Structures are given as structure tokens and as C-alpha cells.
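In our numbering, the protein residues as written are -5 to 306. Beta carbons: idealized from backbone N, C-alpha and C, even for Gly. Every value quoted in this text rests on a predicted model; they were computed, and no experiment measured them. Below is one structure, written out as C-alpha cells; comments come after it.
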């Protein structure tokens, strides 16, 4: 079983209907799919690979091995020979890029800031195109999801953040997770993962499935807020990253999320008219409230999060 791979360029040709159906299947049956021929140039993607790896080597690697809590705790477990696993830590070096924290972006790697700013701009456009396809497949007005994420108006209040992560070789991968299993809190996630080093898995039908590395593909997955807006037609899916004994896995995940002030609820067009609001499977809530709950329950089942936020 393999994650669907979809040629995004065929949206504009004779195979548009087929491609729309493939994306609908990816959202409904998988919660994950990979886009090729997505419109972001290979030249830019190659620069992103180079800049992110150089940044890790120059600005992150030494601190990861010398200061990372997971490294210290794993070493302690190995010395104890207890056979335990490090359950509450991740073998991950990570930092966030957003327009709000540009002053904190890594600054010692030549070209990093410029390359990542260009990449984020292109990726945000791709995310908006993907959301428009979701709108159409769900029978919603064009721009519905984007408008919901912006708080119901035509402004640009939605949050677009990029998590730059590396998963260095782990001497004891059986004793720690690269990243613990979770669903994503937000909206549409666009991942530029490593070309060669695997480790990302999704849970489908009770089985963990590898998200196969494909050079220069962009992996799309749907977050909790898309599940709510679609009234459960699209599901956010459990996924994890396995620690690997070799390689240094690159993972650049960008999140197109609602504004913290945005109110999220199932699209009225997707809710049976006879149902009263209290009978719906998903409540109406403010995204910032949901994030407060998610921060404490990220690695726990998602359904109680919806119920918790309903009670707020």
C-alpha cells in the first residue's frame, strides 16, 4: 500500500476531472497524498535543500548533540540497560519560521533567509490552490476554506508557519521516536520531506504505512480544522516519524492554519438541515481555544479535544 501520488499539473488539462477525483480520494480515504509537477521550480527546491542542510550543519548540529535533552536522556537509558523506551521525547532538531518571527530566523547561513522567504511565498500560493480544490470537491463556494481561516473576511489573518526539522542518525532508534504519533492541529500541511531518508509513517486501517520519499514532491495532509470544516468528510490522520540509524532526514513542514481568532465550525452546506447544532459531530469554536487544548493533548486521541473545546 502506497500513499497516492498525484500530478498537480493535470488540473489544467483534459484530465482535470480525473485529477480532482484523485485529490478527493487522497483527502477522504488517506488524509495524505503527494503532489508532483506542483509548480514550484526544482531550482528553488534544490536551493532549499542546500540552505536547510547547511543551516543544520553550521548552526544546529553541535547544539543538538551537546544540549538536546533527548540525547542526554537516551544516553542515560542506554547506561542503565533497563530496556525502557524514551516515550515522552522526540529525536528531532526543530525551529519555526513565520512572518512574525523573522528577526529570529537563522542568520549565519548565507542565503538561508532569502531562500526560505522565497520558498514560503511559493508554498503559500500552492496551499491556497489546494484549498480551492478542496472547496470544489466539497461543493463549497470558491475561497470558502481560506475565508474561514482568515476569520470570515477577506483579510490575510491566517497563520502560515514553517517548521524546519532534521532527524539525525540515532544510535538506538528502537529506544526513541523521531516524532511521536499525532494529528496536526491546523488546516492544510505542505511537507517537503527528504529525497532519500524515510521514516514518516501514517496510520491507515490499523497499519502504519510509509510515506515514500519522492524527489521534489510536496506531501499534503489535512489537519484537524479541515476535518471540522468538512464535517468529517476529510479526516486528519495519525502520523509519526521513526528514528533512523543512518542518514539525516530533512523535513520542512508548512502549516496553513486559521487565525487564532477565527471561528471554526462545519460548513453549513455539509450539515444536514434537520440536525440541530447540539447534535452535530463537531462543535463551533475559536481556533485559539482549540490550540490551548491541543498544546496539552497533542499526542493523545483527537476526539476528546473537540469535546474539550466545546465545553469552553
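With a CB to CB cut of under 8 angstroms and the five nearest residues on each side skipped, what residues in its chain are close to residue i?
| i | result |
| --- | --- |
| residue 195 | 202, 203, 204, 205, 233, 234, 235 and 236 |
| residue 294 | none |
| residue 103 | 45, 48, 49, 52 and 53 |
By alpha-carbon positions, which one of the options ends up nearest to residue i?
| i | options | result |
| --- | --- | --- |
| residue 230 | 7, 15 and 20 | 20 |
| residue 120 | 266, 108, 249 and 80 | 249 |
| residue 183 | 25, 15 and 255 | 25 |
| residue 52 | 101, -3, 82 and 12 | 101 |
| residue 37 | 5, 60, 116 and 76 | 116 |
| residue 241 | 150, 47 and 228 | 47 |
| residue 174 | 64, 131, 228 and 220 | 64 |
| residue 130 | 10, 27 and 301 | 10 |
Give the straight-line distance between the Cα atoms of residue i and residue j, rounded to the nearest whole angstrom.
| i | j | result |
| --- | --- | --- |
| residue 286 | residue 112 | 31 angstroms |
| residue 186 | residue 178 | 16 angstroms |
| residue 259 | residue 153 | 18 angstroms |
| residue 191 | residue 245 | 10 angstroms |
| residue 312 | residue 226 | Since the first residue shown for the chain is -5 and the last is 306, residue 312 is missing from the structure and cannot be characterised. |
| residue 251 | residue 143 | 6 angstroms |
| residue -4 | residue 124 | 21 angstroms |
| residue 156 | residue 17 | 23 angstroms |
Who are the Cβ neighbours of residue i in its own chain at under 6 angstroms, not counting the five residues just before and after it?
| i | result |
| --- | --- |
| residue 291 | 299 |
| residue 243 | 161, 188, 191 and 193 |
| residue 197 | 232 |
Cutting at 7 angstroms between CB atoms, please list the residues of its own chain near residue i, excluding the five before and the five after it.
| i | result |
| --- | --- |
| residue 164 | 85, 170, 237, 238 and 239 |
| residue 166 | 68 and 72 |
| residue 122 | 140 |
| residue 304 | 277 and 279 |
Taking 7 angstroms as the cut-off, decide whether the C-beta atoms of residue i and residue j are in contact.
| i | j | result |
| --- | --- | --- |
| residue 42 | residue 109 | yes |
| residue 0 | residue 29 | yes |
| residue 91 | residue 80 | no |
| residue 281 | residue 256 | yes |
| residue 189 | residue 209 | yes |
| residue 89 | residue 45 | no |
| residue 217 | residue 172 | no |
| residue 176 | residue 87 | no |
Could you tell me the boundaries of the alpha helix (DSSP H) in which residue i lies?
| i | result |
| --- | --- |
| residue 28 | Unbroken run through residue 28 is the beta strand (DSSP E), 26 to 30; no alpha helix (DSSP H). |
| residue 68 | 63 to 74 |
| residue 131 | 106 to 132 |
| residue 38 | 36 to 49 |
| residue 14 | 10 to 19 |
| residue 301 | 297 to 304 |
| residue 154 | Where residue 154 is concerned, there is no enclosing alpha helix (DSSP H), although the beta strand (DSSP E) it sits in stretches over 153 to 161. |
Let's see if you can read the secondary structure: which residues bound the beta strand (DSSP E) around residue i?
| i | result |
| --- | --- |
| residue 172 | 170 to 176 |
| residue 276 | That residue, residue 276, is in no beta strand (DSSP E); it is neither H nor E in DSSP. |
| residue 185 | 182 to 187 |
| residue 89 | 87 to 91 |
| residue 247 | 243 to 251 |
| residue 0 | -1 to 1 |
| residue 195 | 194 to 198 |
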